[in-house]
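First residue of the sequence shown: 3, per our numbering; consecutive thereafter.
We put the beta carbon where it would ideally sit given N, CA and C, even for glycine.
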Amino acid sequence: MVKLDEQIQILDFPDLGDERGNLVVVEGGSAIPFEIKRIFYIYGSDDEVVRGMHANLRSEFVMINVSGTSRVKVDNGSETRIIELNRPRMGLYLKNMVWKEMYDFSPDSVLLVLSNEHYDPEEYIRSYEDYLKMVVK
Ligand code: TYD
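Given below as structure tokens:
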């Protein structure tokens with residue numbers, strides 16, 4: 003069974019800022035462990051909303067709360083963990099086939115998500131029951 007520790011990673015991006023303010027650079031293939039093909043961002047969700055609730059056959063993600071905070075529950079069918087995204091220099095890398103739920107969005111939360119794949123609804127697993135059948139042998 004694959005360990006959750008091998009499927010997720012907390013990334014800490016350097017701050018290249020100076021007296022003018024902060025500057026964080028994330029480049030595909032170096033700070034981000036894949037070449038970036040897709041970017042989307044989620045804002046205007048509140049503390050009652052749960053988003054995600056899916057796993058992906060191929061997509062990997064890096065999630066960054068560039069403003070505000072949120073929580074991500076990650077699950078690989080045998081282990082779960084809750085990660086708070088609470089600073090713009092922090093990234094959460096998720097390999098493919100990790101179940102994720104995003105919630106507890108602060109009013110100012112802007113959750114930026116980078117992915118190695120273009121959007122393809124066919125590679126989304128949206129039933130937790132189906133997901134468990136695929137990962138629990
Ligand atoms: P959804 O997967 O429910 O978002 P989340 O993972 O944040 O809960 O996506 C909402 C809608 O947006 C759904 O109709 C699919 C569409 N969508 C795209 O077209 N491209 C994308 O990259 C994403 C993430 C969603």
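DSSP state of residue i mapped onto helix, strand, coil
i	result
Val4	coil
Glu125	helix
Leu25	coil
Glu131	helix
Leu55	Note on residue identity: the sequence assigns Met, not Leu, to residue 55. Reduced to three states, the DSSP call for Met55 is strand.
Met65	strand
Met99	coil
Val137	helix
Thr71	coil
Ile38	coil
Leu18	coil
Residues near residue i by beta carbon distance below 7 Å, same chain, minus five either side
i	result
Pro35	Tyr95
Tyr121	Arg40
Thr71	Glu86, Leu87, Asn88, Ser108 and Ser111
Alpha-carbon to alpha-carbon, residue j and residue i
i	j	result
Lys5	Glu81	8 Å
Leu18	Ile66	17 Å
Arg22	Ile127	44 Å
Leu116	Ile85	17 Å
Arg60	Leu25	31 Å
Same chain only: Cβ atoms within 6 Å of residue i, ignoring 5 sequence neighbours per side
i	result
Tyr45	Val112
Margin query: Under 8 Å: do the stretch 87-107 and the stretch 69-79 share three or more Cβ pairs, one atom per stretch?
Written below: yes
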